[in-house]
Amino acid sequence: MKKIIFLSTLVLTKTMFATTLTIYNSNLALVKESKEFELNKRDTDFSYDDIPHSLVLDSLKVILPKDVILESQTYKQNNLTQHNIANSFIDKSVKYKNNYVKILAVDNAHTIVENSKSEVFTVDTSELIFPTLPTNIFSKPALVFKIKMQKTQKANIGFEYLVKNINFTTDYILDIQGGKANLTAWADIQNNSSKSFKDVNLNLIAGDINRVKNFNRPKSYKFMSARSNSAVVQQNVQNYHLYKIPFKVDINAHEKIRVKLLTFKDIKLTNDYTATAFNPLYLMGERTSMVERSVRLKPLASALPTGVVRAYTQHESAPLLLGETKIYNTPKSKPFSLKLGRDFDTRVVQKIISRKDDKYHFNAFVAYTLFNNSDKDKVINLEIPFNKEATSTISSKLKYRFTKGNLATFTLEVKANSQRSFNVNFKSKR
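297 is the number that our numbering gives to position 291 of the sequence shown; each next residue is one higher, with no gaps.
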């Protein structure tokens, strides 16, 4: 039987076909590739050794010409060892110290041989020199396909398969200047599949696909940057979001490549300042809550994949990191907020004025004081956890609303370098 050698080992034709790589943000990729083989009608199988170690075997789809019949496929692991090669040469001649001997038997690291004088002795297997690599020995994993056909031909054979240990993550850079910002989305693609993909058509899929089993994210190795391009095409496909990269990319094994996905200019944003107070029914004495700053962005025209957003600004030509937060898959036209960090110059002090609890009810009188020690007026949202049952009441001269379920929220403007106070009476059945 003559073995068909794959193109990566022996050039049979000059025809190479495009590869499409679709990467999911769940440590998985779908590969579609095709290459040309020279098949002889006397051959009963051919091997395909350009496969990654992390191939999902039962996902493989082979696309053959109509007149070629596939009977079976076998996965061959790397079995290139001195011991295995010696076993393949039993009853055959090999070279040993400039002489030829015949292998009779192999026992781990030792081999029993016979020389031309019919003398039998034992040698170290590592000292034998073999004339060639046996056809049943593979230097790397390979797939062997058993086929039937009626004629010799050059055949374009396609392969589609899933591969693990290829992943992409998204991160964002938000440049804030005054009341506007620029947002840039980047995709970091990491390939730990052991196979390099050259000149591929690249698609990225954002969304939570159902998996039978989840796999660990790959570790980082070395990094390189790809050229950026603002013409990435974003489409909604079967309830997932596909980002089609408009240029071909090389994604080598154990490398990380960075590709620009999206850019948004002059986004209007609003600063939000929010403090969460303690539950007044369990408040004793005086407590202080810090105020968190976040920025609220207007809805964008494209969906955003899960990723970390880092916010920066420029102050007297010096770049400053304002904070970072994680966003989750965000549909287009949906407003969203990014938490930046605690506001240095604002705080809220809450203090029990009196308690009139009895056997059946909680009854607390609380004073709230909001401090603004900055040079700018600020609007602060004060969120107070409190139940919304019919037996509960909130009494205050200021208006409030419930947000996020059970947070009684007061919104107050506090002038620069000033403070503002108000009282609230909370009653609730025990």
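Just so it is clear, CB atoms sit at the ideal spot from N, CA and C, and this is done for glycine as well. Given the structure is predicted, the values throughout are model-derived calculations rather than measurements.
Asked                                                                                                                                                                                       : Found
Would you kindly report the start and end of the unbroken alpha helix (DSSP H) that includes residue 89?                                                                                    : 88-94
In angstroms with no decimal places, state the Cα-to-Cα distance between residue 150 and residue 255.                                                                                       : 29 Å
In whole angstroms, what separates the C-alpha of residue 394 from that of residue 435?                                                                                                     : 11 Å
Where residue 324 and residue 318 are concerned, what is the direct C-alpha to C-alpha distance, given to the nearest angstrom?                                                             : 10 Å
How many Å lie between residue 160 and residue 147 at the Cα?                                                                                                                               : 24 Å
Please state the DSSP three-state secondary structure of residue 289.                                                                                                                       : coil
So residue 135 and residue 119 are supposed to be a Cβ contact under 8 Å. How far apart are they, rounded?                                                                                  : That pair is no contact at about 12 Å.
Name the two residues that bound the continuous beta strand (DSSP E) containing residue 271.                                                                                                : 261-282
Report yes or no: do three or more beta-carbon pairs, one from the segment 157-171 and one from the segment 36-53, lie closer than 8 Å?                                                     : yes
Quick check on the DSSP output: the beta strand (DSSP E) that includes residue 74 runs from which residue to which?                                                                         : 74-82
Which residue comes first and which comes last in the beta strand (DSSP E) that contains residue 240?                                                                                       : 239-243
Excluding the 5 residues preceding and the 5 following residue 103 in the sequence, name in chain order all residues of the same chain whose CB lies nearer than 8 Å to its CB.             : 133
Nearest by alpha-carbon distance to residue 244: which of 215, 238, 157 and 281 is it?                                                                                                      : 215
In angstroms, rounded to a whole number, what distance separates the CA positions of residue 90 and residue 138?                                                                            : 13 Å
Have a look at residue 289 and residue 242 and give me their C-alpha separation to the nearest angstrom.                                                                                    : 49 Å
Please work out which residues of its chain come closer than 6 Å, Cβ to Cβ, to residue 80, disregarding the five sequence neighbours upstream and downstream, and give them in chain order. : 150
CB-CB under 7 Å to residue 77, same chain, minus the five flanking residues each way: which ones, in chain order?                                                                           : 152, 153 and 154
Just verifying my parser: in three-state terms, what is the DSSP assignment at residue 322?                                                                                                 : coil
Between residue 6 and the rest of its own chain, which residues show a CB-CB distance below 6 Å, the 5 nearest in sequence each way excluded?                                               : Not covered by the structure: residue 6. The range shown for the chain is 7 to 436.
Kindly indicate the opening and closing residues of the beta strand (DSSP E) around residue 38.                                                                                             : 34-45
Measuring straight from C-alpha to C-alpha, what distance separates residue 240 and residue 267?                                                                                            : 9 Å
Taking 8 Å as the threshold (C-beta atoms), are residue 355 and residue 386 in contact?                                                                                                     : no
Which residues does DSSP pair with residue 149 in a beta bridge?                                                                                                                            : 54 and 81
Return the chain-ordered list of same chain residues with a C-beta closer than 6 Å to the C-beta of residue 234, the five sequence neighbours on each side being excluded.                  : Summary for residue 234: the model assigns pLDDT 41, below 50, so the residue's position carries little reliability; its value from the coordinates is reported in the next sentence. Here the set comprises 266.
How do the segment 202-215 and the segment 281-301 stand: do at least 3 beta-carbon pairs fall below 8 Å, yes or no?                                                                        : no
Nearest to residue 372 by CA position, among 63, 433 and 189, is which residue?                                                                                                             : 433
Going by the CB atoms, is the gap between residue 333 and residue 210 shorter than 8 Å?                                                                                                     : no
For the segment 295-343, which segments carrying the beta strand (DSSP E) assignment without a break, of at least 3 residues, lie completely within its bounds, in sequence order?          : 313-321 and 324-333
Under the assumption that residue 163 contacts residue 57 (Cβ atoms under 8 Å), give the Cβ distance between them as a whole number of angstroms.                                           : Not quite, the Cβ-Cβ distance comes to about 13 Å (not below 8 Å), so this is no contact.
For residue 327, collect the residues of the same chain with a Cβ closer than 7 Å to its Cβ; drop the 5 residues on either side in sequence, then sort them by chain order.                 : 316 and 318
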